[in-house]
Amino acid sequence: MVIAVVGATGLVGNTIIQILHEKGFLENNELVLYASANRDGTQVSHFGKTYVVQELRDDTIRKDADFALFSAGSTVSLEWAKKFAKNGTFVIDNSNAFRRETNVPLVIPEINASDITKKTKIVANPNCSTIALALPLFAISKMSKISKVIVSTYQAVSGAGNQGIKDFKNGTTQKLAHPIKDNLIPHIDIFLKNGFTLEEDKMRFETSKILHNPNILVSATCVRVPVTNCHSESVSVFLETNTPISLVKKALEGQKGVTVLDDTPNNLYPMPSLANGKDEILVGRLRKDMSCPNLFHMFISMDNIRKGAALNAVQIMEYVMQNILK
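Right, dumping it as structure tokens:
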């Protein structure tokens, strides 16, 4: 099997390779790495093997690639993903390029892997902040219908890539709109005419598409915070029924990919420091609202580079291997 990684030298690309190694995919399969033109011909080492990084061009596309995992931004995906797909390669794209296309599944495997069919050639990986939100909501929705969600995110600088981390460390603004040290920036992605940012609108649209619920109302405020890695979210969920918080907790505890950390007497709750390097989404601070019986609140932390991007993509690949290409 031939696995191509596009954007292989970035944060997510490197983590994809790490996870492929953890899952044993590098042992008997060929790994092909693509990056920007300035990395063309450079050699990189991963787990005792040396790979030559290539610029993505018509003459370097591997027509025999079984999978192509893209994490190089929407512009690259729009230009090259369909070229891979035309060769029969199964494409998993981590950008925003195809998420809103009706014929492209937007997949969190624990929720809606069955949206992928034998006709599918491109699958979109959701936004990292959407993944952190949607999986706990999915667990809750199996117990009680959700009418509305209000979420505020606290997103680490790693979500802005290597340059975001450099801005944090160096006090620069090459990627971020303002210095992030000792600061919060309520601005992720471009502003839309309605006053929301594209990041906030992604959460609204993507949550609805993944949960197959066009009626769910999601309102987000997305904030960049001075944390190196792991996104967190404060979430308020309106249910259609008055549901005991014990049942909410039980639903979350039974959800694959979610770990409940909710022991406030011992100061145990989700934090970036606990989520870093973890595959699971951490959920805690579960509590009923004091004024609205159908409303409860929770706090979430998740490694945005792992489950928020790289791991989710590899999990999609695994599902396709086991259920579509078998």
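In numbering that gives the first Met the number 0, the protein residues as written are 0 to 325. By construction, the Cβ of each residue, glycine as well, lies at the ideal position given by its N, Cα and C atoms. Owing to the predicted nature of the structure, the values given are computational and were not obtained by experimental measurement.
Counting only the same chain and skipping the five closest in sequence on each side, list residues whose C-beta sits under 8 Å from that of residue i.
i: I110; result: A133, L134, F137, I209, L210
i: E39; result: It should be pointed out that residue 39 corresponds to Asp in this sequence rather than to Glu. Excluding positions up to five away in sequence, the list reads V52, Q53, E54.
i: D166; result: V156, A159, T172, Q173, K174, L175, P178, I179
i: G253; result: A138
i: L267; result: L260, D261, G283
i: D288; result: S235, L294, F295, H296
Assuming residue i contacts residue j (C-beta within less than 8 Å), just tell me the rounded distance between them.
i: A71; j: F83; result: That belief does not hold up - the Cβ atoms of A71 and F83 are roughly 12 Å apart, past 8 Å.
i: G6; j: A34; result: 7 Å
i: H230; j: A155; result: 6 Å
i: S128; j: E232; result: 7 Å
i: V31; j: A3; result: 4 Å
i: I130; j: N13; result: That pair is no contact at about 19 Å.
i: V148; j: V259; result: Actually they do not touch by this definition, with Cβ atoms about 18 Å apart.
i: K306; j: I280; result: 6 Å
i: V334; j: I115; result: This structure leaves residue 334 out entirely; the chain is present only between 0 and 325.
i: V1; j: R61; result: 6 Å
Among the candidates the options, whose CA atom is the shortest distance from the CA of residue i?
i: K85; options: D57, N275, S94, A96; result: D57
i: C291; options: Q254, L238, G276, M270; result: L238
i: C282; options: I299, L294, N266; result: Per the sequence shown, the amino acid found at residue 282 is Val instead of Cys. Looking at the Cα atoms, I299 is the closest of the given residues.
i: I145; options: G158, L267, L294, T119; result: L294
i: C221; options: T240, R98, Y153; result: Y153
i: R286; options: P243, M202, D302, Q254; result: P243
i: E317; options: R284, L68, K248; result: L68
i: K120; options: A112, G87, A96, N126; result: G87
i: L216; options: S272, R223, K62, T206; result: T206
i: F204; options: D261, P125, K192, A309; result: P125
i: K255; options: L267, M320, D278; result: D278
i: N275; options: D262, G253, M297, V226; result: V226
i: K168; options: K192, S113, N228; result: N228
i: L324; options: R61, I60, K118; result: K118
i: F66; options: E78, N193, V90; result: V90
i: V236; options: E26, H296, T101; result: H296
i: G163; options: N193, S113, F190, V224; result: V224
Just reading off the alpha helix (DSSP H) that residue i is part of, what are its end residues?
i: E239; result: Where E239 is concerned, there is no enclosing alpha helix (DSSP H), given that its DSSP letter is neither H nor E.
i: G163; result: 160-169
i: F69; result: Careful: F69 lies outside any alpha helix (DSSP H), inside the beta strand (DSSP E) at 66-69.
i: I16; result: 10-21
i: C127; result: 127-140
i: I110; result: 108-111
i: Q154; result: Per DSSP, Q154 belongs to no alpha helix (DSSP H); it is in the beta strand (DSSP E), 145-154.
i: T206; result: 197-210
i: L310; result: 310-322
i: I244; result: 244-252
i: S351; result: A question about residue 351 goes unanswered here, because the residues of the chain that appear run from 0 up to 325.
State yes or no: is the C-beta of residue i nearer than 7 Å to some heavy atom of the ligand GDP?
i: T74; result: No copy of the ligand GDP appears in this structure; indeed no ligand is present at all.
Output needed for residue i: all residues of its chain with C-beta closer than 6 Å, excluding positions within five of it in sequence on either side, in chain order.
i: S94; result: G72, S73, S76
i: T8; result: A34, R38
i: A250; result: A138, I139, M142
i: V313; result: I18
i: A219; result: V150, E199, M202
i: V103; result: F97, I121, A123
i: D188; result: T196, L197, E198
i: H326; result: This structure cannot speak to residue 326, because the chain is shown only from 0 to 325.
i: F190; result: T196
For the beta strand (DSSP E) containing residue i, name the first residue and the last one.
i: C291; result: Where C291 is concerned, there is no enclosing beta strand (DSSP E), given that its DSSP letter is neither H nor E.
i: L77; result: Here L77 belongs to no beta strand (DSSP E); instead the alpha helix (DSSP H) covers 73-85.
What residues in its chain sit with their C-beta under 7 Å from that of residue i, if we drop five residues either side in the sequence?
i: N322; result: none
i: M270; result: S300
i: V11; result: S70, N93, I304, A308, A309
Cβ contact (3+ pairs, closer than 8 Å) linking the region 34-49 and the region 190-210: no
Contact the region 181-191 vs the region 103-117: 3+ CB pairs below 8 Å: no
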